[in-house]
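Only one structure is covered here, and it is reproduced in the block below.
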Ligand SMILES: C[S@@+](CC[C@H](N)C(=O)[O-])C[C@H]1O[C@@H](n2cnc3c(N)ncnc32)[C@H](O)[C@@H]1O
């Protein structure tokens, strides 16, 4: 049996830290695959908040949930940049969120010019730490193949490497012999 894919490992880690009724955030909705995964984990009474800058991503996510038989109850899809989460989400959510997912880059099948940017990504990650509860997890799937992707990846790596180890555990999961800039996973656990 092969190693888990990047997405498989990402979901495995999230699954280990999220339970029914939790509050979670999908920082990059895209086609809604991660949102659907999170919604299944938190169940009817859990809350999913999601961000994306594109209408297409909001619509695709609504469609993805509906096709899988889920209502939008307790699902908040926000058309805005993830670096606005501190202004948009209520202070009552601080230190109450068990998982925050980032899947960087562009929308597969969508406009490849709309991509996550290092400055907003880092700000969103900084703010994410305020929302994370103890034992909560942030996952970041990083792509470096597109224009600007390498700079963003470097910025994310530099940022996570400086997180104080007494408060955060940080790991990287990566296939080292795959060609064509495969994505890799960074996970942050709040101790
Ligand atoms: C790789 S896709 C996400 C895939 C998604 N998680 C899924 O399961 O289908 C990246 C998404 O990030 C979005 N994005 C780009 N900049 C953003 C920002 N500043 N805030 C939130 N989303 C952003 C893009 O519009 C795109 O939909």
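Numbering (our numbering), first residue to last: 4 to 194. Backbone N, C-alpha and C define an ideal beta-carbon position, used for all residues, glycine too.
Quick one, are the C-beta atoms of residue i and residue j less than 8 Å apart?
i, j, result
"residue 170", "residue 193", "yes"
"residue 10", "residue 140", "no"
"residue 153", "residue 120", "no"
"residue 163", "residue 102", "no"
"residue 142", "residue 188", "yes"
"residue 146", "residue 186", "yes"
Cutting at 7 Å between CB atoms, please list the residues of its own chain near residue i, excluding the five before and the five after it.
i, result
"residue 37", "29, 104, 106"
"residue 91", "81, 83"
In its own chain, which residues sit with a C-beta less than 6 Å from the C-beta of residue i, not counting the 5 before and 5 after it?
i, result
"residue 35", "63, 64, 67"
"residue 85", "30, 54, 127"
"residue 148", "184"
"residue 99", "26, 136"
Residue i by DSSP, collapsed to three states: which one?
i, result
"residue 105", "strand"
"residue 197", "Any question about residue 197 goes unanswered here, given that the chain covers just 4 to 194."
"residue 9", "helix"
"residue 182", "coil"
"residue 139", "strand"
"residue 61", "helix"
Go to residue i, then tell me how far its alpha helix (DSSP H) extends in each direction, as first and last residue.
i, result
"residue 54", "Where residue 54 is concerned, there is no enclosing alpha helix (DSSP H), although the beta strand (DSSP E) it sits in stretches over 50 to 55."
"residue 38", "36 to 45"
"residue 130", "121 to 134"
Ordered along the chain, which non-local residues of its own chain (more than five positions away) have a Cβ less than 8 Å from that of residue i?
i, result
"residue 57", "82, 110, 113, 114, 117"
"residue 79", "50, 51, 52, 53"
Taking the continuous beta strand (DSSP E) assigned at residue i, which residues delimit it?
i, result
"residue 190", "187 to 193"
"residue 80", "78 to 82"
"residue 26", "26 to 29"
If residue i sits next to residue j, beta carbons under 8 Å apart, how far is it from one beta carbon to the other, in whole angstroms?
i, j, result
"residue 144", "residue 59", "In fact, because the Cβ distance is near 19 Å, the residues do not count as touching under 8 Å."
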